[in-house]
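Inspection log for the structure reproduced underneath, given as structure tokens.
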Amino acid sequence: MSDSVLNDPTPPTQTDNGQEQTSLSTAAARNLASTTKSAPQMQEITSRWLLRILPWVQTTGGTYRVNRRLTYTVGDGRVQFTTEGAAVRVIPSELGEIAQLRGLGDEAAFEAIADRFEQRELSPGERLATSGEPVDGLHLIAHGRVDQLVSGPYGEQATVDVLVDGDHFGAQALTEDGPVWDGDAVASVPTTVLTLSSDAIAELTERIPALAEHLEHYRSESSARSNKYGEAAIDIAAGHSGEPDLPRTFVDYERSPREYELSVAQTVLRVHTRVADLYNKPMNQMEQQLRLTVEALREQQEEQMVNNREFGLLHNAALEQRIPTRTGPPTPDDLDELISRRRKPEYLLAHPKAIAAIGRECNKRGLYPSTVEFGGHHLPAWRGLPILPCNKLPISANRTTSILCMRTGEDEQGVVGLHQTGLPDEYEPGLSVRFMGIDDKAVTSYLVSAYYSAAVLVPDALGILENVEIGR
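No gaps in the numbering here: position 226 of the sequence shown is 228 in the working numbering, and each next residue is one more.
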């Protein structure tokens, strides 16, 4: 053995098992080799089915106006309440959500009406209205649930509607003489109801001239001929013979149609020039930064199109197109009712946990939902409609969510997405990437903007199954 080896102070490299290493290690070899890399990944990316199924309408000018036939029945909405201990009071201005009182515009009158409501506590099974009996007043459901029942042709009782928090019935007592109930109303759970009796209505009408004048105006307007949807009727003769005089008619439009302005999601992407110059191989740093930024913007776009209070689908569904579940979980009966309320439904949109709850309810009944091939994927379906997952639908603190049913497209008077193409520095349809310059720190800035909105052309294009329990 040579003197140089004997005098070498460096001990031989040991392997993990204590043996002497006899070849170059992989850790050292990586210093001279290039690794194989993936593109940057992110967990936020979802399927974004809503953005994929909506037909997109070019919105030149940034505003989309939805023109409809004139509708007489407006304001048939839900009211809100305040509580102080066990006492419940309707918010006076919320009474304008009742069709007969919308447009009253007299705050003092609203205050006087709100003061005359009497609170009642109903136990399960207690009857609030009986078919054929006179309507005893206007009832507001503050909390709980009331089932509206009618007798079938063979004497059986059938549930035709379910009233929950904020709903009302008996409003015909405000404008009609001697109305009678056309069905029964029974509380199915402990329920708090505020009632404005017929005697109180008569006293208020006599005492408040503005209220009497408003209700008389409502009677005259509602006497105008309308179809079952509340739209101004188009007079047509049919089934006649000979040469009778044909009706003369025209189609009236809404005076103040709804307009949707394009919303925007924006961010400033910043990339240092040193990074862009020196570290662009094998992947372009700017391209990868922009790709992930655009993905995040599209996720935010879908979030807004579902939840935005101005144009989001959850807040723009007509109140008469919202139905509660009968028992809590999303049963096949609930899905059938949601689908049957609209013409040519195309899609169901639900949170993944709600889809799992649908599966559990079907399993309880021995049903096996079919699947459909849609967009290259096999998806669960109900009555042939694909159930598309959307994690942007919120889940409340009490573990409830909503399920959407929609029809899409302008030709079908459905739900449409709104955007504008041909933007300066357009990167994708409706999305632009604009160079903003380089600052004193050699950082390049790009403004990334996405413009979008959504519109519901007619009310029955979008329905919502509300209060869907997913925890059972």
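For each residue, glycine too, the CB sits at the ideal point set by N, CA and C.
Check	Outcome
With Ile360 as the anchor, note down where its alpha helix (DSSP H) starts and where it stops.	354 to 366
Report yes if the C-beta distance between Ala356 and Pro332 is below 9 Å; otherwise report no.	yes
Can Leu198 and Thr207 be called in contact, C-beta distance under 9 Å?	no
Please name the residue or residues paired with Met408 in a DSSP beta bridge.	Tyr349, Leu464
Pull up the CB-CB distance for Leu151 and Ala173, whole angstroms please, since I reckon it's below 8 Å.	So it is not a contact: roughly 19 Å between Cβ atoms.
Excluding five sequence neighbours on each side, which residues of the same chain lie with their C-beta closer than 8 Å to the C-beta of Ala31?	none
My output table needs one value for Met307: the three-state DSSP class, helix, strand or coil.	helix
Ignore the nearest five residues each way along the sequence and tell me which others in Glu412's own chain have a CB closer than 8 Å to its CB.	Pro57, Val59, Val418, Leu459
Got a sec? Which residues, its chain only, sit under 6 Å from Leu351 by beta carbon, not counting five neighbours each side?	Leu390, Cys392, Leu406
Starting from Leu420, follow the alpha helix (DSSP H) in both directions and report where the run begins and ends.	It is not in any alpha helix (DSSP H) - Leu420 instead sits in the beta strand (DSSP E) that spans 417 to 421.
Taking the alpha-carbon positions, what's the Val166 to Ile143 distance?	6 Å
Which value, in whole angstroms, describes the spacing of the CA atoms of Asn469 and His274?	49 Å
Alpha carbon to alpha carbon, how far is Arg344 from Leu467?	13 Å
Which first and last residues belong to the alpha helix (DSSP H) in which Ala89 is found?	Here Ala89 belongs to no alpha helix (DSSP H); instead the beta strand (DSSP E) covers 89 to 92.
Return the bridge partner residues of Val445 from the DSSP annotation.	His274
How would you label Ala204, buried or exposed, when you count the other beta carbons within 10 angstroms and need 16 or more for buried?	exposed
Since Gly168 and Gln82 should fall inside the 8 Å C-beta cutoff, what is the C-beta to C-beta distance between them, to a whole number of angstroms?	6 Å
Would you check if the distance between the CB atom of Glu256 and the CB atom of Tyr66 is smaller than 9 Å?	no
With distances taken Cα to Cα, identify the nearest neighbour of Arg54 among Asn310, Val162, Glu304.	Glu304
Kindly confirm or deny that the stretch 363 to 370 and the stretch 311 to 325 touch, where touching means at least three C-beta pairs closer than 8 Å.	no
Report the partner residues of Thr402 according to the DSSP bridge assignment.	Glu471
Just confirm the distance between the C-beta atoms of Arg50 and Arg300, as a whole number of angstroms; I'd bet it's less than 8 Å.	6 Å
Compute the beta-carbon to beta-carbon distance between Gln422 and Thr62, rounded to the nearest angstrom, for a pair I have assumed lies under 8 Å.	7 Å
To the nearest angstrom, report how far apart Gly465 and Thr327 are at their CA atoms.	13 Å
Which stretch, first to last residue, makes up the alpha helix (DSSP H) that contains Asp117?	109 to 117
Does DSSP put Thr177 in a helix, in a strand, or in coil?	coil
Cα separation between Glu477 and Tyr453?	In the structure displayed, the chain extends from 3 to 474; residue 477 sits before or after that span and is not available.
For Val148 and Trp183, what's the separation of their Cα atoms in angstroms?	15 Å
Reducing DSSP to helix, strand and coil, say where Val76 ends up.	The predicted position of Val76 is uncertain, since its pLDDT is 48 and thus under 50; no value can be drawn from it.
Select from Ala444, Met438, Ala110, Lys443 the residue whose C-alpha is nearest the C-alpha of Val450.	Met438
For the beta strand (DSSP E) that Ile389 lies in, which residues bound it at each end?	387 to 391
Quick check on Thr37: does DSSP put it in helix, strand or coil?	coil
Just the C-alpha distance for Leu381 and Ala358, rounded to the nearest angstrom, thanks.	12 Å
Report the three-state DSSP secondary structure of Thr207 (helix, strand or coil).	helix
Please go through the same chain and pick out, in chain order, the residues whose beta-carbon is closer than 8 Å to the beta-carbon of Ser265, but skip the five residues on each side of it.	Gln306, Asn310, Glu312, Phe313, Tyr453, Tyr454, Ser455
For Arg272 versus Thr446, is the C-beta spacing smaller than 9 Å?	yes
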